[in-house]
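Those protein sequence lines, which keep their order, are chains C and B.
Going by my numbering, the first sequence opens with residue -1, and the numbers climb by one from there.
Going by my numbering, the second sequence opens with residue -1, and the numbers climb by one from there.
The C-beta atom is built at its ideal place from N, Cα and C for all residues, glycine as well.
Inspection log for the structure reproduced underneath, given as structure tokens.
Number of protein chains: 2
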Amino acid sequence: MTSSIIQEKLSQAIDLLREHNLDCWLTFVRETSQTRDPALDNLLGFGLTWDSAIILTKQGEKIAIVGQYESDNVKKLNAYDRVIGYNFGIAELLRAELKRINPQKIGLNYSLSDTAADGLTFGMYARLVQMLAGTPYPLQFTTAEDVVRKLRERKSAAELARVREILVITEQAYGAILSAPLIGKNETEIHAMAGEMAQELGVDFGWERLTNPIVNAGEHSSFGHGIPNPDLKVEPGMILHLDMGLKKNEYCSDLQRCAYVLRDGETEPPEAVTRAWLACWRAMEAGKAAIKPGVQGWVVDQAARDELTKHGYPEFMHALGHHVGRNVHDGGSVLGPRWEKYGERPIKPIEQGAIYTIELDVIVEGYGMIGLEEMLVVTADGCEYLSTPQREIALIRH
Amino acid sequence: MTSSIIQEKLSQAIDLLREHNLDCWLTFVRETSQTRDPALDNLLGFGLTWDSAIILTKQGEKIAIVGQYESDNVKKLNAYDRVIGYNFGIAELLRAELKRINPQKIGLNYSLSDTAADGLTFGMYARLVQMLAGTPYPLQFTTAEDVVRKLRERKSAAELARVREILVITEQAYGAILSAPLIGKNETEIHAMAGEMAQELGVDFGWERLTNPIVNAGEHSSFGHGIPNPDLKVEPGMILHLDMGLKKNEYCSDLQRCAYVLRDGETEPPEAVTRAWLACWRAMEAGKAAIKPGVQGWVVDQAARDELTKHGYPEFMHALGHHVGRNVHDGGSVLGPRWEKYGERPIKPIEQGAIYTIELDVIVEGYGMIGLEEMLVVTADGCEYLSTPQREIALIRH
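This is the structure in structure tokens:
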């Protein structure tokens, strides 16, 4: 819990309510240890148990109605004007607050395509309608998705500093893993090594441990989000691919790294591997060159995709990039194709201050998967890498 | 990920579809690293990224439609009859499966009061309606809450064994903490000790670390779900109260422990502390005695509440008990009062095999909070403790 970042985000949120002419933004949650509204990341930074309402208004009011047992925690943030604790039920308190605020438009956390702006459950929506029966408020509900999205995307200096910090640590962890003796180790063992490394470095994993890191040893591995396989060992003539995200002080990293295991007598990777690496690198750079505020994400994705296919490789079946922040898949827009699964996310314009991954991959028959993934921040007129890009495939020698 | 438990729970789920005459149960999720439907606990045991549908039918079919990058993981569970991977979008595949199954009643994960059965977001509900426009299916939606609830509540032998295991470890951790030199340590330091302990024991925390364990040193602490306070030190004449939940192999514990810090010359706690302890113990035992399958939870809560108030103490402002399993607050019914915040949960009948906490507390003026919390399993005609109950307040000496 860091009060200063929460205070900063709340003030940013109120600016966004004004920008989008939303009278009031209502985050309505319960038992977040089970189903957690991602919007809480920027509103509190910790969980809540009983029905709880976080209300921000265009006038700048910040109100929290929470269970009595959690009201101290919210008060200690020094971020809310009013913290109302209760024992029996929230309905009457919520009605009273809304009546006092008298909003014409109430933003709720639902979205057809933005996963980070869709934290209101269907049951909680139904409860709101039930609790507010006989009031005009249910007819004033609208989506708060623009506010939620921009609040996540426009990272502050403090947020950027935290991402930079975990990136340095992640690169350190990768350095240690890739310089350890890996030949003969299986995917599960390398996955375990990363666990020890994270513990030593005092950091957490940025997504669930089962697939973090993803470890791909050679061409028979399960690519994508596969669980490490104890039957696949690192052997000469194979590409070893890793995809890992770490977390410190609530902020995440997400980087991929690749190595080729030299065979006896080899001093460099085979031409097929080098050629694929170079095509990936150029495609990534082509995507990066297209990034600047205001551009729609699909345009950036297309630039990278075109460059890769121009080199004769099949296109990757995912978005070129996603936001990273408190969550490793931080929601909001994507640098991705306009495919059904991404909904409206690829057409949202890029925001200055956003932190994206940029990532793509090629499977090299007989060797395994090459995957590149770096992180960058969007500047006033372009973007710059936050990670130290892996410019060449690493080499593993006997 | 443990295939055997998942296989067991899936087969139990199909029995429940028959019990509740539900043709088909549809769990519809995406980006579970952000908003996670708790139903996935029993369906997969790991997360999913793109729009994904897990469909079980009364006929016994088990179908998963997931992103291509995650289909290997689902296949490896050996639990699904059909695993369909996709790249672009799920809509057509989902329509085709529903058409083939031709259900009259489709259960979805929404609930007004059961937090574990309310994992469908409002946006995902809207997407379903949109994707299935022109089909009869949206009119056949109903809640799957009874299936979800009983699936969590009726713990199998394998699940029970895992809970027993983490309880043994939790008691070990408590033993070590309470026998360490604690006088002069502040709440935050004791919280940190527990972190080191968990790391040594190779277990995770069962709810968010920030408030796990809850540490209450004396009467000025923040009771309930408070964040540990570095300004409050353990001192003679004070009650130290801890509330901790650990996790191993995906299953949780949740226990409270209490100690009194003897002052110079004292050999036992003051009468006010002993009397309150005894009242809590008797109230807990009165609740326990009321537990058996078929009884409504509020009846159990009332028995404990009445016993406590009979001794002249104010009633606690929470439920006497909640389920514990993959989640520390495992949803479903509660052993709790019929207060607004608990909705329908207190009137659901107790299920055999359920694992509950049983917990209550009294604030002793001048000393701090006494809180008791044990865990138990419901048997055919009653219940038995799974934890080793703390029968007397522990004593901390100089």
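Mind checking which residues open and close the alpha helix (DSSP H) that includes C/Glu198? 185 to 199
Using 9 Å as the limit for Cβ to Cβ distance, is C/Pro211 near chain B? no
Using only the alpha-carbon positions, how far apart do B/Asp79 and B/Leu54 sit? 10 Å
Write down every uninterrupted run of the alpha helix (DSSP H) in the stretch -1 to 49 of chain C whose length is 4 residues or greater and which is fully enclosed by it, in chain order. 1 to 17, 38 to 41
Could you confirm whether any beta carbon from chain B is found closer than 9 Å to the beta carbon of C/Tyr135? no
Range covered by the beta strand (DSSP E) that runs through C/Thr141: 139 to 141
With 16 other Cβ atoms within 10 Å as the buried cut-off, status of B/Arg395: exposed
I want to verify the contact list: residues of chain B whose CB lies under 7 Å from the CB of C/Tyr123, in sequence order. Phe120
Can you check whether the CB of B/Ala274 is closer than 9 Å to the CB of B/Tyr311? yes
Put B/Asn107 into one of helix, strand or coil per three-state DSSP. coil
Which first and last residues belong to the alpha helix (DSSP H) in which C/Asp252 is found? Note, C/Asp252: premise wrong, no alpha helix (DSSP H); not H, not E.
Would you mind stating whether B/Ile88 and B/Gln138 have Cβ atoms separated by less than 9 Å? no
Which of the three DSSP states, helix, strand or coil, is assigned to B/Phe86? coil
Have a look at the DSSP bridge pairing and note the partners of C/Cys256. C/His239
CA-CA distance, B/Ala174 and B/Glu390? 17 Å
Which of the residues in the stretch 196 to 226 of chain C, read from start to end, lie with their CB under 8 Å from any CB of chain B? Gln197, Trp205, Glu206, Leu208, Thr209, Ser220, Phe221, Gly222, His223, Gly224, Ile225
Between the alpha carbons of C/His321 and C/Asp328, how many angstroms are there, rounded? 5 Å
If we define contact as Cβ-Cβ less than 9 Å, is B/Glu68 a contact residue for chain C? yes
If contact is defined by three or more beta carbon pairs under 8 Å, each pair taking one atom from either stretch, is the stretch 39 to 46 of chain C in contact with the stretch 61 to 75 of chain C? yes
Do C/Pro335 and C/Ala352 have their C-beta atoms within less than 9 Å of each other? no
Verify the CB distance criterion: does C/Asp35 have a CB-CB separation below 9 Å to chain B? yes
Along chain C, which residues have their Cβ under 9 Å away from the Cβ of B/Ala114? Glu29, Gln32, Thr33
Using three-state DSSP, classify C/Ala51 as helix, strand or coil. strand
Taking only beta-carbon atoms, is B/Leu106 less than 9 Å away from chain C? yes
Is it the case that the CB of B/Leu230 approaches a heavy atom of the ligand HEM more closely than 8 Å? For the ligand HEM, the structure offers nothing, since it holds no ligand at all.
Beta carbon proximity, B/His327 to chain C, threshold 9 Å: yes
If the criterion is Cβ atoms closer than 9 Å, does the pair C/Asp202 and C/Lys245 meet it? yes
Can you list, in chain order, the residues of its chain with a C-beta nearer than 7 Å to that of C/Val145? Leave out the 5 residues immediately preceding and following it. Ala11, Leu14, Leu15, His18, Leu20, Trp23, Gly105
C/Thr168, enclosing alpha helix (DSSP H) - first and last residue: 155 to 177
Neighbour list for B/Phe26 in chain C, Cβ cutoff strictly below 9 Å: Simply none; closest approach about 10 Å.
Quick one: using the 10 Å Cβ neighbour count with 16 as the cut-off for buried, is B/Ser1 buried or exposed? exposed
Assigned exposure category for B/His218 - 16 Cβ within 10 Å defines buried: exposed
For the stretch 223 to 236 of chain B and the stretch 342 to 360 of chain B, state whether three or more C-beta atom pairs, one from each stretch, are separated by less than 8 Å. no
Taking C/Met367 as part of the beta strand (DSSP E), name the residues at either end of that continuous run. 366 to 376
Separation of B/Asp49 from C/Pro291, as counted between CA atoms: 28 Å
Taking C/Lys339 as the query, report the chain B residues whose CB atoms sit under 9 Å from its CB, ordered along the chain. Arg28, Trp48, Asp49, Gly65, Tyr84, Asn85, Phe86, Gly87, Ile88
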